[in-house]
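There are 2 protein chains.
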Amino acid sequence: IRRRNIEENLQYAYEHHPETFTRVDMLYIDCFVNKTRVRAFVDTGAQTSIMSVECARKCSIMRLLNKRMAGFAVGVGTARVLGRILAVDVKIGSGVYSLGVSVLDQSQTDFILGLDMLLKLGAVVDLRRHRLFIQGEVEGIPFVKGEFMADVGSLIGGKE
Amino acid sequence: IRRRNIEENLQYAYEHHPETFTRVDMLYIDCFVNKTRVRAFVDTGAQTSIMSVECARKCSIMRLLNKRMAGFAVGVGTARVLGRILAVDVKIGSGVYSLGVSVLDQSQTDFILGLDMLLKLGAVVDLRRHRLFIQGEVEGIPFVKGEFMADVGSLIGGKE
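Going down the list, the sequences are from chains A and B. Position one of the first sequence corresponds to residue 1 (the working numbering), numbered consecutively onward. Position one of the second sequence corresponds to residue 161 (the working numbering), numbered consecutively onward.
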């Protein structure tokens with residue numbers, strides 16, 4: 001019976017849930033940090049916005065790093081937080097917003113726009129129109145394709 | 161000069177960015193999986209929706225587990241994917257939706273509603289009204305407080 005349940009479930013899924021068998025494009029938006037273009041990963045599951053140390057260097061904002069706020073970030077493993085940049089101007093769409101980011105010594109993603117900053121921006125993540133709406137942006141910011149980022153939710157391998 | 165930059169930045173942040181110094185409540189919604197109430201974590205940064213094996217057992221849906229889709233999930237570390245439940249009815253608000261979830265052998269979160277299912281639901285994550293809008297839900301589903309979940313974005317410790 002167990003096997004039949006699964007077979008029926010598989011058959012049903014192929015017909016009704018094709019998205020199960022494909023990979024979804026993650027949500028990225030283009031923005032400018034200190035005049036440098038950065039692709040930001042829109043992540044409601046991240047409590048704090050994060051920038052990799054490479055990205056912070058590329059944007060020449062390491063002089064703003066506050067090392068008194070160093071510590072550790074915990075996910076499935078851990079990464080070291082070098083400190084926090086408390087306020088940096090980020091241009092998103094036509095507006096410029098002053099955001100705070102924690103700088104990590106190793107991160108697969110350049111810049112994660114986490115829930116703290118999404119709340120501050122009064123963001124609306126619209127997956128119907130595939131756009132991010134913030135404050136004054138009536139038109140919304142279109143999501144763009146980013147490089148692949150391995151995440152807790154992404155499956156590598158598999159025996160299928 | 162570097163030190164003065166940081167001091168000014170800190171001062172500015174205290175005045176204009178009080179959210180830097182507080183923790184934000186993450187986004188959870190209440191839903192029902194096989195008549196069992198589950199608090200789902202709304203995570204646009206997760207490619208795949210995930211359920212912990214404990215939660216799947218609690219909801220009595222382990223009989224639907226397809227082990228041919230086992231593998232590994234990669235975040236800052238790794239976790240084992242026991243398989244995938246291709247279709248399970250989830251009641252959110254007044255509607256019932258057929259969703260797919262990967263089952264993990266260890267997860268700090270019962271149920272992560274990832275980008276795959278948020279896209280499928282045509283979700284709008286509205287941080288102005290603090291509600292999740294999906295398909296037929298005109299009123300929206302209010303976010304509720306969940307337990308604390310450690311994430312890549314959450315800082316533990318710190319020397320401040």
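The beta-carbon is built from N, C-alpha and C at its ideal position, and this holds for glycine as well.
So with CB distances below 8 Å, who are the chain A contacts of residue i?
| i | result |
| --- | --- |
| B/E194 | Checking the sequence shown, residue 194 of chain B turns out to be Asn, not Glu. Going along chain A, no residue has its Cβ under 8 Å from B/N194, so there is no contact; the nearest lies around 13 Å. |
Give me the chain B residues within the contact set of residue i, using Cβ-Cβ distance strictly less than 7 Å, ordered along the chain.
| i | result |
| --- | --- |
| A/D126 | V284 |
In chain order, what residues of the same chain have a beta carbon less than 6 Å from the beta carbon of residue i, not counting five sequence neighbours either side?
| i | result |
| --- | --- |
| A/A56 | M62, V103 |
| A/R84 | N66, M69, S102 |
| B/C219 | V193, N194, T196 |
| B/T265 | Residue identity check: residue 265 of chain B is Asp in the sequence provided, not Thr. V213, R240, L242, listed in sequence order. |
| A/D110 | V38, S52, C55 |
| A/R128 | none |
| A/V90 | C31, V33, Y97, L99 |
| B/E299 | none |
| B/L279 | none |
| A/R23 | none |
What in chain B is Cβ-close to residue i, meaning under 8 Å?
| i | result |
| --- | --- |
| A/R131 | The premise fails here: A/R131 is roughly 10 Å from chain B at the closest Cβ pair, so nothing lies under 8 Å. |
So residue i packs on residue j, CB below 8 Å; how close in whole Å?
| i | j | result |
| --- | --- | --- |
| A/G45 | B/A206 | 6 Å |
| A/D126 | B/V284 | 5 Å |
For residue i, I'd like the list of residues in its chain whose CB is within less than 7 Å of its CB, leaving aside the five on either flank, ordered along the chain.
| i | result |
| --- | --- |
| B/D276 | Q207, T208, S209 |
| B/Q281 | It is Leu, not Gln, that sits at residue 281 of chain B in the sequence shown. Answer for B/L281: Y257, I294, Q295, listed in chain order. |
| A/G71 | V81 |
| A/L64 | I85, V88 |
| A/G114 | D43, A46, Q47, T48, S49, I50 |
| A/D30 | R37, R39, V144 |
Using C-beta distances below 8 Å, list every residue in its chain close to residue i, excluding the 5 sequence neighbours before and after it, in chain order.
| i | result |
| --- | --- |
| A/G100 | S49, R84, I85, L86, A87, V88, D116, M117 |
| A/E137 | I92, G93, S94, G95 |
| A/H130 | P142, F143 |
| B/Y188 | R199, A200, F201, V202, F303, V304, K305, G306 |
| A/N5 | none |
| A/I112 | A40, F41, D43, A46, S49, I50, M51 |
| A/E160 | Because the pLDDT of A/E160 is 29, which lies under 50, any placement of that residue in the model is unreliable, and the question is left without a value. |
- Residues in the stretch 39-55 of chain A with C-beta within 9 Å of chain B's C-beta atoms, listed in sequence order? F41, V42, D43, T44, G45, A46, Q47, T48, S49, I50
- Query: Using a Cβ cut-off of 7 Å, which residues of the stretch 79-103 of chain A contact any Cβ in chain B, in chain order?
  - Reply: A79, V81, L86, A87, S98, G100, S102
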